[in-house]
Amino acid sequence: MHNGNIVTLSIATVSLLLSHSLRAEEKPMMKAVVAHEYGAPEVLKLEQIPRPEPNEEEVLVRVIASGVNPADPLTLSGKYAREFGTHLPLIPGYEIAGVVEKTGANVTKLKVGDAVYGYPTFGGGWADYITVKEWEVAVKPRSLNFVEAAAVPMGALTAWQALVDVAKLQPGQTVLIHGGSGGVGSFAIQIAKARGAQVIATASTANQDLLKQLGANVAVDYTKTKFEDVAKDVDAVLDPVGKETLARSYGVVKKGGIVMSLVARPDPAEIKKRGIRGAGISVHPDSEDLAEIAQLIDAGKIKPIVTQVLPLSEAIAAQQQAATHHTRGKVVLRIADEPKA
Ligand SMILES: NC(=O)c1ccc[n+]([C@@H]2O[C@H](COP(=O)([O-])OP(=O)(O)OC[C@H]3O[C@@H](n4cnc5c(N)ncnc54)[C@H](OP(=O)(O)O)[C@@H]3O)[C@@H](O)[C@H]2O)c1
């Protein structure tokens, strides 16, 4: 009887020990959209993969929503792997909104439970969880839900860093914003207006209403009107289109003004000849910029335009839309339900 009890106990102990060590080895899993090879959006697969762990400098974020950008299909193509710092396997997603789940030992500003939004430098947002550096995220605008907040970081940071940091746009100045209905342009119009500038914005016929709704003083339908006939002697141009649009933009800028392109380096010969300035813009994550943008949003000065919300299983369709370069506002992937306040 006594011996029997001992045997039973030791079997129970062994199985307990075994189950503990098995659990210790089992990594928590998560769903993610993954590419194991570069190529068209169709290479993307929805998979179960191990959840990442934050290092000392990082926080683990439970992603509620992630924005879609033209940079996603560009990265996936593999053509700019060196410039984007990407490597395989690749998880797309340069915009996130979510909740801090864990913090690394050296993290000082964020704590577990904080609602955050931001721009992870190397993507990775199309997953249940992501690890990010503290400087890549900021506290989410309180007036937005997570889907709306995920539509902000990349477009708003790009517009902010171009108009505020580079052009140093002043009240009363005039700016020409090409592609005013897109992910960057829709924020650029609102940021320029919030800083007291006059805005001339371009888009196709179907988006003229949106340009006005965002606050453009003058809306130009580029399919019907040459922007040069409307915009003259402007202080700054923001160009997310390139090629012919950029080539025709130098002539509308006043002496000392600036042409900023998101997709090319302005031509030094044109810049010199006309006595203007030129800048190729390269957006970077910045938690202080994100915090200032959040303040403007909560003050009701700027807002994201979300035109489509898709589940993670529609990642391929989302990338195909991003590659059209004709998205109205933003497409956002919903990854989890909105947490209860
Ligand atoms: N360098 C950087 O750091 C940086 C950062 C962010 C984005 N980008 C790049 O900037 C570009 C724009 O990004 P996004 O997120 O705004 O893209 P998006 O959401 O696809 O918007 C593109 C916009 O351009 C408009 N458009 C297309 N052809 C045009 C033309 N000929 N004239 C005037 N407008 C035209 C479209 O309006 P319609 O549909 O009405 O034609 C659309 O509103 C992308 O190539 C992206 O990769 C670069």
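In the numbering used here, the protein residues as written are 716 to 1056. Ideal Cβ placement from N, Cα and C applies to all residues, glycine included. Predicted, not measured: the structure shown is a model, and the values here were computed from it.
Query, Result
"Between the C-alpha atoms of Q956 and A820, what's the straight-line distance to the nearest angstrom?", "It is worth fixing the name first, because residue 956 is Val in this sequence and not Gln. Straight-line Cα distance between these residues: approximately 43 Å."
"Which class does P868 belong to by DSSP, given the choice of helix, strand or coil?", "helix"
"Taking the alpha helix (DSSP H) that I1012 falls in, what are its first and last residues?", "S1002 to D1013"
"Looking only at DSSP bridge pairs, what is T818 linked to?", "V774"
"Could you tell me the alpha carbon to alpha carbon distance between V879 and S781, rounded to whole angstroms?", "25 Å"
"Quick one: residues in its chain with C-beta nearer than 7 Å to the C-beta of I986, no 5 flanking neighbours on either side, listed in chain order?", "R992 and G993"
"Tell me which same chain residues have a C-beta within less than 8 Å of the C-beta of L872, skipping the five on either side of it?", "Y834, V998, H999, P1000, D1001, D1004, L1005 and I1008"
"Hey, is the segment 919 to 931 in contact with the segment 965 to 981, meaning 3+ C-beta pairs nearer than 8 Å?", "no"
"Per the DSSP calculation, K848 is bridged to which residue(s)?", "E773"
"Hey, how far is the Cα of I904 from the Cα of E741?", "49 Å"
"What is the rounded straight-line gap between the Cα of A918 and the Cα of P856?", "28 Å"
"For H893, count neighbouring C-beta atoms within 10 Å of its own C-beta (all shown protein chains included) and say buried if the count is 16 or more, exposed if not.", "buried"
"DSSP on I915, reduced to helix/strand/coil?", "strand"
"What separation, rounded to the nearest whole angstrom, lies between the Cα atoms of A1033 and K988?", "42 Å"
"Determine the direct distance from the alpha carbon of M869 to that of H1041, and round the result to whole angstroms.", "17 Å"
"Between which two residues does the alpha helix (DSSP H) holding R963 run?", "K958 to S964"
"Quick check: the Cα distance between S736 and K908, rounded to an integer number of angstroms?", "Any reading at S736 needs caution, since the residue's pLDDT is 48, under 50, leaving its predicted position unreliable; the model's value is listed next. When rounded, the distance between both Cα atoms is 60 Å."
"Does I991 come out as helix, strand or coil in the three-state DSSP assignment?", "coil"
"Would you say Y937 touches ligand 1, meaning its beta carbon is less than 7 Å from a heavy atom?", "yes"
"Examine ligand 1 and report whether any of its heavy atoms sits within less than 7 Å of the Cβ of P1000.", "no"
"Taking the straight line between their C-alpha atoms, what separation do you get for T801 and T790?", "7 Å"
"May I have the straight-line CA-CA distance separating P1026 from A984, to the nearest angstrom?", "47 Å"
"Between the segment 762 to 773 and the segment 1010 to 1029, are three or more C-beta pairs nearer than 8 Å?", "no"
"In three-state DSSP terms, what is I904?", "helix"
"Take P765 and list the residues in its own chain whose beta-carbon comes closer than 8 Å to its own, dropping the five residues that flank it on each side.", "K742, P743, M744 and M745"
"Taking just the CA atoms, how far does F861 sit from Y809?", "15 Å"
"Quick one: does R989 have its CB under 8 Å from some CB of chain B?", "Of the protein chains in the structure, only one exists, and it is not chain B."
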